[in-house]
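Asker:
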Amino acid sequence: MSLRTAGIVLMVIFWSVTGQDYGVTYTTHSICALKGSTVELSCTYKYPKKDKVTSTFWFTRKDSRGKFVSLRDDDDYKSRVKYNNDEPESRKTTEKRHFLTIGGVRESDSAKYMFRFITSSNKYFGNTGIRLSVSGLQVTFPSTVIEGQGVSLTCSPTCPLTDNSKLSYIWYKNGHLLTNEHNDLNLHTVIGDADNYSCAVKGREMLRSPEFTLNVRCVQFHILYFVILQQHLFN
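Counting with mature numbering (1 follows the signal peptide of the UniProt record, and there is no 0), you get residues -19 to -1, 1 to 216 for the letters of the sequence shown.
1) Reducing DSSP to helix, strand and coil, say where Q212 ends up.
2) Go ahead and label L159 buried or exposed: buried means 16 or more other beta carbons lie within 10 angstroms of its beta carbon, across all protein chains shown.
3) In the structure shown, what three-state DSSP assignment does R53 receive?
4) Decide yes or no for the touch test of the segment 106 to 122 against the segment 77 to 95: beta carbon pairs closer than 8 Å, at least 3 of them.
5) Could you pull the DSSP bridge partners for A14 from this structure?
6) Is N196 helix, strand or coil when you go by DSSP?
7) Evaluate P191 with the Cβ neighbour count: other Cβ atoms within 10 Å of its Cβ, from every protein chain shown; 16 or more gives buried, anything less gives exposed.
8) Can you check DSSP and say which residues form a bridge with Y26?
9) Can you grab the Cα-Cα spacing for the pair F122 / L166, in whole Å?
10) Check whether the segment 76 to 85 and the segment 22 to 31 are in contact - that is, three or more C-beta pairs closer than 8 Å.
11) Mapping the DSSP letters down to three states, classify E88 as helix, strand or coil.
12) Mind checking S11: buried by the 16 CB within 10 Å criterion, or exposed?
13) Report the CB separation of Q130 from V171 in whole angstroms; it is logged as a contact under 8 Å.
14) Per DSSP, S133 is paired with what?
15) CB Y7 to CB T100, shorter than 7 Å?
16) Compute the beta-carbon to beta-carbon distance between R42 and V34, rounded to the nearest angstrom, for a pair I have assumed lies under 8 Å.
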């Protein structure tokens, strides 16, 4: 009875020490990026001083054999990713930062990205990861648009961008470029014809939002004529 209890205590102590000596901490939990942009993910990782790091990589999935697939070896990523340590291996530190850069992100890149490192005596990865959402553009507008009134159209990503600074937007009406460079397009007076609108970010004109048709509701005026007939009676 006492031997079994001792074994359990030793196991608890072992896992406690392992968890303290190895670790991955991500700089953020989630990122929203615009389709076509370049994204940088980063983390810090630590390991015991006695260990030597032999491999570091980022991944999103396992292969059919249950092996983690480095993005550098993944056909969907390998031409677009770059790994970088901010500290040379020669520095005697057991806590380092690691960066992942993904160029030209696609909507299919939306996934959880995790970092894994292998040392001379252990393998470890941070399972919380960073959730990347890749956004296209969408145009929002009022549900009812009445002829003769003004209307505001808004170009926005499908999720709040992590870096939304210095973006210039461009608008298209029936395929023709408009001069407006803001995410809001104000139409002061709309007429009854249906026009097609779309938007894009300047510099990424090939990645337009889906085109939508602005249907304008006509107001019908009903004019009532009252005819008063007067009858003159002559005696």
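Ideal Cβ positions, reconstructed from N, Cα and C, are used throughout, including at glycine. Remember, predicted model here, so these are calculated numbers, not experimental data.
Answerer: Considering the structure as presented:
1) Unreliable positioning characterises Q212 in this predicted model, as indicated by a pLDDT of 48, which lies under 50. The coordinate reading is nonetheless provided below. Note: Q212 maps to coil in three-state DSSP.
2) L159 is classed as exposed because its beta carbon has fewer than 16 other beta carbons within 10 Å across all chains shown.
3) Helix.
4) Yes, since at least three Cβ pairs between the segment 106 to 122 and the segment 77 to 95 fall closer than 8 Å, the two stretches touch.
5) In the DSSP assignment, the residues bridged to A14 are V115.
6) Annotated three-state conformation of N196 is coil, per DSSP.
7) Counting other Cβ atoms within 10 Å of its Cβ, P191 stays below 16 and is therefore classed as exposed.
8) The partner list for Y26 (beta bridge, DSSP) reads V5, K77.
9) Answer to the nearest angstrom: the Cα atoms are 10 Å apart.
10) Yes: at least three Cβ pairs fall under 8 Å.
11) Looking at E88 - three-state DSSP - the assignment turns out to be helix.
12) Its Cβ having fewer than 16 others within 10 Å, S11 is exposed.
13) Contact flag correct, Cβ pair sits at about 7 Å.
14) When beta bridges are read from the DSSP output, S133 appears opposite N167.
15) Contact: no.
16) Contact check for R42 and V34: beta-carbon distance about 23 Å, past the 8 Å limit, so the pair fails to qualify.
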